[in-house]
Structures are given as C-alpha cells and as structure tokens.
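**Student:** Under our numbering, residues 190 to 1266 are what the sequence shown spells out, in order.
Backbone N, C-alpha and C define an ideal beta-carbon position, used for all residues, glycine too.
Have a look at this one before I ask anything.
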Amino acid sequence: MKKLLVLVFAIALCLGVLCLGASAADGGTPEKPDGDGTAENPYQIGSAAELYWFAKTVNEGDYDANAVLTDNITINENVLNDGSLNTNSSFREWTPIGEYGTYGEKAYTGTFDGRGHTISGLYYNGSGYYVGLFGRVDSDGRVQKVNVADSYISNSYRYGNVGGVCGINYGGTITNCSFDGTVTGSVTGTYVGGVCGYNSGMITNCSNAGSVTGDSVGGVCGINNGGTITNCYNTGSVTGTYTGGVCGESNGTITNCCNTGTVKGSLDTGGVCGNNVGTITNCCNTGDVTGTSVVGGVCGYNSGDTISCYNTGSVTGSETSTFVGGVCGRNGGTITSCYWLSNTATRGIGMGSNTATNDEDKTTGEFASGEVAWLLNQGQANGPWRQNLSSGEDADEYPVLDAAKTDTIVHKNSTGYENSVHYFGGNGICIKNDCSACQPATLDGDVYKISSVGQLYWFAQLVNEGDYDAHAELTNDITINENVLNDGSLNTNSSFREWTPIGTNPNSAYTGTFDGNDFTISGLYYNGSGKYVGLFGYVGSGGQVKNVNIVDSSLNSSNWMVSVGGVCGYNNEGTITNCSFAGTVTGSVTGTYVGGVCGCNYNGTITNCCNTGSVTGTGNVGGVCGNNDRGTITNCCNTGSVTGTGNVGGVCGRNGGTITNCYWLSDTASGDTSAKTTGEFASGEVAWLLNQGQTNGPWRQNLSGDADTSPVLDSTHEEVVKLTVDGAVSYLNKGDSFTGVEGVGYYLDGEMVELPYTVEADTVLTTKTLYVVTVDGVVSYVDPNEPVFKLPDAPGRSGYSFVGWSDGSKTYEAGESVTVTADMTFTAMWLAINIPGTNAITVADPSNGTVKVNPANGSEGTLITVTATPDEGYELAYITVDGEKISGSTFRMPDKTVTVSALFVPVSFPFTDVKSGDWFYDAVAYVYANGLMDGTSATTFEPNANMTRAMVWAILARIDGETVTGADWASAARTWAMASGVSDGTDPNGHVTREQFATMLYRYAAAKGYDVSIGESTNILSYADFASISEYAIPAMQWACGSGIVTGVTESTLVPQGTATRAQCAAMLMRFIEGVK
C-alpha cells in the first residue's frame, strides 16, 4: 500500500511540475485592436491577444485587412534553449495568417507593417500546408518591417511550405523582415526557408539567423519559383537535400545576396543556391559548404546563369562525391566572372561542359587587393561590389555588397587597385580604366531626372534590383548607340552596348511612372534570350510609361514564349501613353508575342501610340501589339511592316480585348482594324481621326514644307484641323489659309467669309456661286445674299462723251447701284462728239482677257489697231472682226459699223489630241477657254467621241446662267431644258444627233428672243440627203445652216441624223455664241 501511495504521489508531483512550467506569456481570449483594417485606418496591434484576433479575422474571410504593429509582442517566452526547442515547457500554438484554399482564395492580400517591431515566441508544431507567421501571401499582399525571434516552427505535412515569416509567397511582397529561430520540415517534399518556404513573388532586404532544416531548403527561401530574391542574407545553419545558403532551388532571380552560415546537403548543395535554373547575380558565400553529391561554393548544380559571384568558404564533398567545385559542383548553364578562394576547393567547377568565363581561383592577397571586387563589377551598369582597401582595421578582406559606400569604389590603376570615386564622361559612364559604372540620376523630390546614357542604365538597374515603383523622367534626348540600323536592317559592321530592359519579369515588374517628356531614346539594342524585352521588359499594375519616342533601335529575343515590344515587352495592367517606336522588333522562336509598341497587353491600356518600324515574329505579331489579352488599345496607328506566321495584324496579332480608333497602313500587313492608304496617312486624315476631334491633341503632322508622311507624337509639329466644304472633306494645318475657287462664295454659319480664310479649328463651310459682274473687262463677284453692285464712275475717252453703262438691255448711270440677280456684263456706251463720216466700232467683252481698239471709230479705210491683253495664265489665239479671224492685230475700217473681239486660251493647252492644224482646234479652244466644255481627262478631249443629250442640256443651262454641278447635274439640266422649252427631257443618256443639237439651239434662240427669221429664206434642198431630216427639225436645220452654225459634213451631205461628235458640238456652240447670241 505504501508503495502504491508513493507512486501516486510521485505521478501527481510530476504533473504538478509540468503544469507549473508552462511559459505562455500572453494567454486569454483574442481581443479586437483599434482600427478598421482599411489602408487609411489599419488595425493597431500591440499584444498577442490582438495578433491572434487579427489572424482569426483574416482566416475567417477578411483576407485584405491591413494592420500595423505598435509594439514588440511576446507570445511565448524562452521557446528556444541554445537554439533548440525548450522541451521542458509547453507553448501556445500559433495559427498562421492566410490558410490553404483550393484556389488560393484564403490567402492574405492586405498590408502588414511591423514598423520594425519584433514578434517573439512564435510556436507551431503540426502538419499544415502553409506554415509561418503568415501561411500564404498572394498578389497584392505585403508583409514588411517585421522581425520574428525566439521561435520554433516545425511541419510534418508532406509537400508543405514552411518559413519563418511566410509559408508561401505567391506573387506578394516580403520586405525588410528577419527570422531568428528554428524552421523544420520533417518529411520529404517540403519547401523550407528561414524567411519563406516557397516564393513566386518578391523578397527583398530580408535575413535569417536561425537554423533551417528540410528537403528543398534555403537560409532565406526553400524554392524560388519564378520569383525574385534581392538584397538578402543568411547567417544561420542550413541542412537538407537540395540545400542553399540563400535558396534551395531556384528558377527565378537571386541578386545581391550572401550567405555566411554553414550549409549541409545530401544532393545539390551550394553556398548560395543548391539547384539553379534561373539567374544568380552579384552573390557571395563565406560559409562552409558540405555535401555528399553535387557541391559548390556558390551553386551546387547550375543549369541557368551565374554571374559576378564569389566564394571564400570551404567546399567539401564526401568520399563518394564526384562533383565538387569552388564556384559550382556541376555546370550545365552559363557561369560568368565568378571567383573562389584558392585552397577552398581543388577546382572551380566540379564538372560541366557548358559556358564558363573567368571562373578563376584567387589568393587571399588578390581578394584583399581589390582585384576581385574590380573584376566582379566589370561589365555591369553600376556594379554593387565595394571594398575598403585601406591598411587600417576598417579594411575589407573581401568584396562587400554595399553600393552606397562610394568611398570604397574600386578602380584599377597602373600598379594595382585603388579606392576612388567614379569619373563620369559626358554620356554618364565612368571612364576610369574601362570601368562601366553608371552615373546615378538626380533625385528631384520623388522623381529621378535622366539626361544621359549612364543615368538611364543606372535607373534600369535601380528598378531591377528592387525599387520597382521608382519614378523618372527624361530631360534630354539620349543616344545609346549610333547607327544601329542601316536602311532598316541591323548594322552588322558594328558592336553595340547591350540594353537590359527595365522590369525583367513578373516579380520585378515596373510599377512607377516614367515620363519621356517627348524626348527621344536612340540606339536601343538587345539581342539575347530574355522573356520580356523592350525599353521596359515587364510593366505591372499601376506602372505608367508615357511621352517617350524610341528610334534607330533593334530588339530581338531568341527564347520561346517571349514578349517583345519596342516600348514594353509585357504590360500587365499598366498604362502606355503617347509613345512611338521606329526600328526593328523580332521574336525569332515559335510562340512569341511581338508588337511594335508592346508584345503582350494583359488587361493593360495602350493609348496614343504608334509604330513605324518593322515587326517580325512567329506566333502573335502586330504593328502595335502582338497579343491584346483583355486589354484596351485606343487611338494608335502603325505604318511599319508586319510579317510572321500565326496571328498577324496591322495593329494587333491576336485580340481578346478592346481596340478602338486604331489605323494601319494598308500595304503593311493583313487586316484587323481600319486600313488607310499612304495618301490618307499623308493627308492628315489619320492624325485628325486619332485625336478624335480634341483641341491640341497629341497627334501632330506637318502637311506642307518639310511634310510628315504620317502622324507624329511631337508637339513641335503642327496641329491638324478638318475643313468640310459642301460635304467634301480636306485636312489642313491649324492656321493655314484656304483660298477657295474664284467665283464661289464660302459661308460659315450663313455669313460669307473673306478669302483667303485662315482655318484655326475644325470648320464647316457651305458655298454658293457668286454672280459675275463684268464692267469693261474687269470682273467682280457679288454675294447673292447681298446682291447690290455699285457701277464705277464715268471713264474718260478722247473724242467721246460717256453715255452710261449698258447691260445690253438697259443703260445705267455712272455710280448707280444695281440689284444683281444673274451674271451681268456692262459695257461703256459712248457718243462720238460730232465727227462726221465715221463708223462705230463695238468692242466685245471676251473671256480671259481684254480688247481695246485705236482709234475708237473711223471712216472707210482707216487703219484700226487692236490691242488684245490676255489674263494671267492665258494667251491670245486670234482676233476677230465681225466674227471673222484677222491676220495680225490691225485691219482697215469698212464703210459700216463692226464688232471686234478676241479668243484667249490657256497658256498650256492641255489636250494632246487637239493640234493647232485640226479643223476643230479653234472651236475646242473656244469652248474650253469659256468654260463650256472640259476634257474627258486632264490631257485628252476626245474630239470624235459622242455627246449625250443631257450633256447638251447642261451646256445650254450654263450659258443661260444656271448652276448645274454636283452629283445630280443631269437631273438639274433636264429640269431646266424642259422648263425652257429646249427639250422634252426624254432619253438623257442617248447620243445627240446633229439635227437634235441644231433643234435645241434653235429653240433656245427663239426662247431668248434672238432673230431666227433667216431660216425662212434658207434653201437646203441642194443637199442630197435633205429628205432624211426629221419633219420637226426642218425649221431648225434651215436656221442653223442659214446662220452658219451647221455646215455640211461633205459638200453635198448634211447627215442630219448622224451622231454629233464632241468636236462638231464645240464648233456649233462657238458659231452660235459668236454669230447669233
């Protein structure tokens, strides 16, 4: 019995001891903190109870809640004892913020700002899928400035993701965070990292000082799957299968990271990364690395790119290890400018046949001298490696990653290496002993001012190393390379400075604002295998690129599934505005997205952009955009050639979004939007359409002088305005003069404008034909809306007194105002002052010139001199007296009154089929000079062609002062002809016969009151075919023959029913007007 009691007591005592040892520092019910979780008013967390409440709130659905720490928080005390779990205590279990969801729908997407505070005593020992302070952080999620210390996190779930700060970062951001404790994934298939287990987002400025154990395991991150890790370091011990001091496995980018902790692994083991298929740049290891298979000081197995890295830690393999190297255990990729400390390994690369350049061992002295720092920085735009070369205690034995320490920049001199500042040339590139460092851009507020090549490259590196939302603007044109292109093709006779796109992948997307201020970047050159290529490789949500022009540039990527564009490779919810590209863009492997402006536009916006360069690819190829996936493209154009296989378009190769008001040159590619001809582009039409009627829109075009063949995004060029005249549209530069056509009035809002009219904005004009008033050969025009014309004062003439101005039916006094209702001609009327025996000379008023005679009258035999003066652009054909041509410019006065006139023709008589010796030459010249008939083309009259009845109606209507123009001219002419009694209006398209033409002239003459009586006494019986004259046409043919209007086709035939040729019609019109009218 005693033994039993002792046993019971002992058990009770043990239980009591265990209960007394519990060390949870802050228990109790979760408490709601102050704040409402919005960005403006985040939750204010200052205790463990409030932190547990926040975790519960997020996991129950408030995934984008925002919070800040207001104090350090201790959840459990003394979780670790000398780095190991304190097994003598029990601890309050932690539930990670952001849980597992089938589609990631329970991930944390808010912003958690630790403000530099520390969370101590985090404890987790379970089998979750996502484990850490945060379980899963997704896109838009951000965890920053929080330190986790004295914490133990252990997960036994296969394929789990375990990290001190975050289990899985799936597109989010973790920055300025640290972990010190123990992180363990105890089964195969886990991803374990001191900061993050699995990363496909961004991890920057983070560190781990704790011990990390697992399968795929790294001091900072277990696996980096397409993500970026920048400016991070590890000092803790790392043990696993695929093991790296910074990252276990990576197919993303690792930049400016270092490890000083011990690394032990059973398969691929490296001081920085165990297995790399991505890019490792500017990284180092000083810790000891031990493995049993593939072991390297920087990288265990490399099938990606490892650039400018070094190792000074010992590298040791087991007896069975065959791949051991001071830089890399096994290389199947590219290693460039990497160095290792002599005696830390037997060779730099354990095994591998792929590219390795400058993988050299260096002694302790060479490391200390600055040589390695200088070598590591070579070829980089702004190498980050620094080293204090002083002889004091501050001297650095090895290069350090501290780009801010400008006093420890290493330059080569004639005897070795020295600390000296960069000396930047005019292009912003350091010129000291082949140093290629770039001059930092000037920070003005929160905007970097870029004026040189060096500053542009510096800004690209700044962004690509983590400052993704940096803002910049150009202050000058920048030429990176000269003469990159030769007649549109790459100049293969030169070598060029290679460009690294701003924003290299989705995890380093550019999200700031870049304003080119309408300046130009020339000579952009890229020829590599990047996935996202352009001035900008990848623009993310909120990113803006605007007002930049790129010319003389060549961009080519030879990778599969790339996005290549002149301005941007991939635009993911960003904005590209007012940008242009002129050069060549090529995606040379199947499956590419290639565009003159943007390769792929995913849910982004492209506005007011153009391409004039050549675009080539295989996949989705477009003049502006290769693939528009749910994006918007507005007011854009392309005039460059677009060629490729797959989906090829003048504006867009494949469109799954919205394209509005975009245009392409019709012979550059296949159709996908609105095609425009070369003429339409050159006319200003496309510029006006792109601006959509905006005043002072971004699209400009010089339409005269040094004219642009297509719209440009250059505010120094002229604005384009639209002029509409009676529905006919033309385009002018703002401020240009519109001269119009002589004799036509142009009206704006009912008021006639004065010509020339200055067009300052889009303008709609209507027209009316002005009344033509001719006074003694001087032509004036009268507005039909204000039809009053004041006649000139009385002219003087020797030997005569002025009677007045005659319009043929009435004589008006000098200075009298006349109401004008039609074209009018006024002739000065004179009365000879008592000079007996003289006969009067009437001077007709011919078109296109003036005629004067001297003396003004005369008796029989008086020599009369005629002065015929043509108007500008015309010349004298001949002078007539009583309708008969005279030779020269003088004649003897007969014993009767006479009428003197002249025919003036254009200086450049246009018709090649009308020669001066042809019988119809004078008639054609007459009707053309008087505007009665035009050519059938600019250079032909076709004298033997036929005339339709409607054409004759139109000519007679114009003689009668009617306006017969426009598309409906035939209908207007028919209406006039019927109303005037000239024709019954039938068969308007029929060919007019000789007797029909004569009948129309006869009826018109009778209707106008002209003397037609001569036909009554004219005998036409002498013509053998007189009987073939239609009965209705006999009076007209008698009159026409008697008046000399119609002559026989031969001496004995009239051919009355023969078709009247254009030459015959011209001759009959001239004889009618000169002899009858």
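Which whole-angstrom value describes the C-beta separation of Val-971 and Val-962, a residue pair presumed to lie in contact below a C-beta threshold of 8 Å?
**Tutor:** 6 Å
**Student:** Quick check on DSSP: helix, strand or coil for Pro-1059?
**Tutor:** In the structure shown, Pro-1059 sits in a strand (DSSP, three-state: E or B).
**Student:** Rounded to whole angstroms, how far is the Cβ of Gly-504 from the Cβ of Thr-533, which I believe are closer than 8 Å?
**Tutor:** In the sequence as displayed, the identity of residue 504 is Val instead of Gly. Indeed they touch by this definition, with Cβ atoms about 6 Å apart.
**Student:** Should the region 391 to 406 be called in touch with the region 415 to 434, which here means at least 3 C-beta pairs below 8 Å?
**Tutor:** yes
**Student:** Specify the secondary structure class of Glu-438 as computed by DSSP and reduced to three states.
**Tutor:** Strand.
**Student:** Go ahead and label Val-1179 buried or exposed: buried means 16 or more other beta carbons lie within 10 angstroms of its beta carbon, across all protein chains shown.
**Tutor:** The identity of residue 1179 in the sequence shown is Gly, whereas the question assumes Val. Exposed, by the Cβ-count rule.
**Student:** Based on DSSP bridge pairs, tell me the residues matched to Gln-890.
**Tutor:** Paired residues: none, contrary to the question.
**Student:** Beta-carbon within less than 6 Å of Tyr-528's beta-carbon, same chain only, minus the 5 sequence neighbours each way: which residues are those?
**Tutor:** Tyr-499, Glu-549, Lys-551 and Val-561
**Student:** Using only alpha-carbon positions, find the residue among Cys-1230, Glu-1205, Ile-357 and Ala-1159 that is nearest to Phe-1186.
**Tutor:** Measuring from the Cα of Phe-1186, the nearest candidate turns out to be Cys-1230.
**Student:** So who's on the other strand from Arg-331, going by DSSP bridges?
**Tutor:** Thr-300 and Thr-362
**Student:** Under three-state DSSP, which class holds Pro-1224?
**Tutor:** helix
**Student:** Whose CA, out of Thr-1010, Ile-1030, Met-1013 and Cys-619, lies closest to the CA of Trp-1019?
**Tutor:** Trp-1019 has its Cα closest to that of Ile-1030, out of Thr-1010, Ile-1030, Met-1013 and Cys-619.
**Student:** Determine the direct distance from the alpha carbon of Val-1089 to that of Lys-1041, and round the result to whole angstroms.
**Tutor:** 9 Å
**Student:** Mind checking Pro-629: buried by the 16 CB within 10 Å criterion, or exposed?
**Tutor:** buried
**Student:** Tyr-782 and Ser-743: beta carbons closer than 8 Å?
**Tutor:** no
**Student:** Buried or exposed, going by whether 16 or more other CB atoms sit within 10 Å of the CB of Gln-881?
**Tutor:** By the 10 Å Cβ count, Gln-881 comes out exposed.
**Student:** With the cut-off set at 8 Å, would you say Cys-768 and Cys-798 are in Cβ contact?
**Tutor:** yes
**Student:** Taking only runs of the alpha helix (DSSP H) that begin and end inside the region 951 to 987, which ones reach a length of at least 4 residues, in chain order?
**Tutor:** none
**Student:** Taking just the CA atoms, how far does Cys-385 sit from Tyr-699?
**Tutor:** 23 Å
**Student:** Opposite His-306 in the DSSP bridges: which residues?
**Tutor:** Per DSSP, none; premise fails for His-306.
**Student:** Answer yes or no: does any C-beta atom of chain C fall closer than 8 Å to that of Arg-281?
**Tutor:** In the structure shown, chain C does not exist; there is a single protein chain.
**Student:** Is Glu-239 helix, strand or coil when you go by DSSP?
**Tutor:** helix
**Student:** For the region 1132 to 1142 against the region 1153 to 1167, do three or more pairs of beta-carbon atoms, one drawn from each stretch, fall closer than 8 Å, so that the two count as touching?
**Tutor:** Taking a contact to require three or more Cβ pairs closer than 8 Å, the region 1132 to 1142 and the region 1153 to 1167 qualify as touching.
**Student:** What residue range is occupied by the uninterrupted beta strand (DSSP E) comprising Asn-1272?
**Tutor:** As displayed, the chain neither begins before 190 nor continues past 1266, which places residue 1272 out of reach and without an answer.
**Student:** Find the nearest neighbour of Ser-579 within the set Gln-567, Gly-559, Leu-565 and Trp-563, judged by alpha-carbon distance.
**Tutor:** It is Gly-559 whose Cα lies nearest to the Cα of Ser-579.
**Student:** Under 8 Å between the Cβ atoms of Ser-526 and Leu-565?
**Tutor:** yes
**Student:** Inspect the beta-carbon positions of Thr-1152 and Thr-1129 and report whether they are closer than 8 Å.
**Tutor:** no
**Student:** If you follow the beta strand (DSSP E) that Ile-619 is part of, which residue opens it and which one closes it?
**Tutor:** The displayed chain sequence assigns Cys, not Ile, to residue 619. Careful: Cys-619 lies outside any beta strand (DSSP E) and carries neither H nor E.
**Student:** Is it a yes or a no for the region 656 to 676 touching the region 439 to 458, going by three-plus beta-carbon pairs under 8 Å?
**Tutor:** no
**Student:** Judging by CA-CA distance, which residue of Pro-1035, Lys-999, Pro-976 and Lys-1085 is the nearest neighbour of Thr-1010?
**Tutor:** Pro-976
**Student:** Assuming Asn-1037 and Pro-1059 are in contact, meaning their beta carbons sit under 8 Å apart, how far apart are those beta carbons, in whole angstroms?
**Tutor:** Right, the Cβ-Cβ distance comes to about 6 Å (below 8 Å), so this counts as a contact.
**Student:** Mind the definition here: the region 355 to 362 touches the region 322 to 329 only if three or more C-beta pairs lie below 8 Å; say whether that holds.
**Tutor:** Contact holds: three or more Cβ-Cβ distances are below 8 Å.
**Student:** If I measure Cβ to Cβ from Asp-329 and keep anything under 6 Å in the same chain, skipping five residues before and after, which residues do I get?
**Tutor:** The beta carbon of Asp-329 is closer than 6 Å to those of Thr-298 in its chain, skipping five residues each way along the sequence.
**Student:** Which residues does DSSP pair with Asp-223 in a beta bridge?
**Tutor:** For Asp-223, the beta-bridge partners assigned by DSSP are Gln-233.
**Student:** Rounding to the nearest angstrom, what Cα-Cα distance links Thr-884 and Ile-765 in this structure?
**Tutor:** Here the alpha carbons of Ile-765 and Thr-884 stand approximately 21 Å from one another.
**Student:** Near Arg-347, what residues of its chain come up, given a Cβ to Cβ distance below 8 Å and the 5 sequence neighbours on each side ignored?
**Tutor:** Val-376, Thr-377, Gly-378 and Thr-379
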